[in-house]
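Taking it in order: structure first as structure tokens, then the write-up.
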Amino acid sequence: GIQVEQSPPDLILQEGANSTLRCNFSDSVNNLQWFHQNPWGQLINLFYIPSGTKQNGRLSATTVATERYSLLYISSSQTTDSGVYFCAVERRYNFNKFYFGSGTKLNVKP
Amino acid sequence: DVKVTQSSRYLVKRTGEKVFLECVQDMDHENMFWYRQDPGLGLRLIYFSYDVKMKEKGDIPEGYSVSREKKERFSLILESASTNQTSMYLCASSLPTGGTDTQYFGPGTRLTVL
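Residue numbers (our numbering), protein chains in the order written: chain V, 1452 to 1561; chain S, 256 to 369.
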């Protein structure tokens, strides 16, 4: 398989703070996605980003495929950002199999 | 909006029981997936299906089987439930992966095997 490592495993922020979450992967990928799992367990896709940079409101993501890592930036955090953030990759030439990291658990305090 | 539904949010079963978890999606997606989520391990793929009656093993298929008789429905079967299958089970669907589409997840089923 492919190894997907996320850091940090846990993060506590005060509301309004910024943060960077990291995802390292061990092989070339077709597809990289960031997901947010809310406290009720629902997973929502945030970004599809196998390379380059994308922004969506207060969130942005950058993937440097040649160096095998991706970063998720959260700016001006809100309590609703709390939950677990997962990175998932689809290994090149191994379609349909997604490998998830173990996640970063974020707690944003008011 | 894509909707993926799962038959139960919470389920309690006894060791040795046969357990069926059902997943239905309403977006005519070809691909469907079953994952289990355990603390510290992220999501691990059990099985996926890329068409009706087609299936492929994921990384942890032991102790599980699947059925896809209709495009919209993908069932996960625990033939004889064991306590180490206590977990959160998540279903997902997507278009055929050309690398451009996301997976859409159901709300999850938290299964406890006593």
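From the three backbone atoms N, C-alpha and C, an ideal C-beta is built for every residue, glycine too.
Could you check how far apart the C-beta atoms of residue i and residue j are, in whole angstroms? I think they sit under 8 Å.
i	j	result
S/ASP306	S/GLU285	6 Å
S/GLU334	S/LYS268	Between S/LYS268 and S/GLU334 the Cβ distance is about 12 Å, and since that is not below 8 Å, they are no contact.
V/PHE1486	V/PHE1537	5 Å
S/PHE288	S/ALA347	4 Å
V/ALA1512	V/SER1502	Not confirmed; about 11 Å, so no contact.
Is there a Cβ from chain S that is less than 9 Å from the Cβ of residue i?
i	result
V/LYS1548	yes
V/GLY1503	no
V/TYR1499	yes
V/GLY1508	no
V/SER1526	no
V/SER1553	yes
Have a look at residue i and residue j and give me their C-alpha separation to the nearest angstrom.
i	j	result
V/SER1528	V/ASN1469	6 Å
S/ARG370	V/SER1526	With chain S represented from 256 up to 369, any question about residue 370 of chain S goes unanswered, as that position is not in the structure.
V/THR1558	V/PRO1490	Position check: residue 1558 of chain V holds Asn in this sequence, whereas Thr was assumed. Taking the straight line from one Cα to the other gives about 10 Å.
S/ASN339	S/VAL368	8 Å
V/TYR1436	V/LYS1556	This structure gives no information on residue 1436 of chain V, because the portion of chain V shown stretches from 1452 to 1561.
S/PRO316	V/ASN1475	26 Å
S/SER349	V/GLN1506	23 Å
V/ARG1473	S/LEU266	34 Å
Please check if any C-beta of chain V sits within less than 9 Å of the C-beta of residue i.
i	result
S/ARG299	yes
S/PRO316	no
S/THR260	no
S/ARG365	yes
According to the neighbour-count rule (16 or more other Cβ atoms, all chains shown, within 10 Å of its Cβ), is residue i buried or exposed?
i	result
S/SER337	exposed
V/GLY1467	exposed
Give, in chain order, every residue of the segment 1469-1496 of chain V whose Cβ lies closer than 7 Å to some Cβ of chain S.
If the cut-off is 7 Å between Cβ atoms, the segment 1469-1496 of chain V has ASN1481, ASN1482, GLN1484, GLY1492, GLN1493, LEU1494 and ASN1496 near chain S.
Using a Cβ-Cβ cut-off of less than 7 Å, give me the residues of the segment 1534-1548 of chain V that come near chain S, in sequence order.
Only PHE1537, GLU1541, PHE1546, ASN1547 and LYS1548 from the segment 1534-1548 of chain V bring a Cβ to less than 7 Å from some Cβ of chain S.
If contact means a Cβ-Cβ distance below 7 Å, which residues of the segment 1452-1468 of chain V contact chain S?
Shown in chain order are the members of the segment 1452-1468 of chain V whose Cβ falls below 7 Å from a Cβ of chain S: GLY1452.
Taking a cut of 7 Å between CB atoms, which residues from the segment 266-288 of chain S lie near chain V?
For the segment 266-288 of chain S, which is checked against every Cβ of chain V, the residues closer than 7 Å are ASN286.
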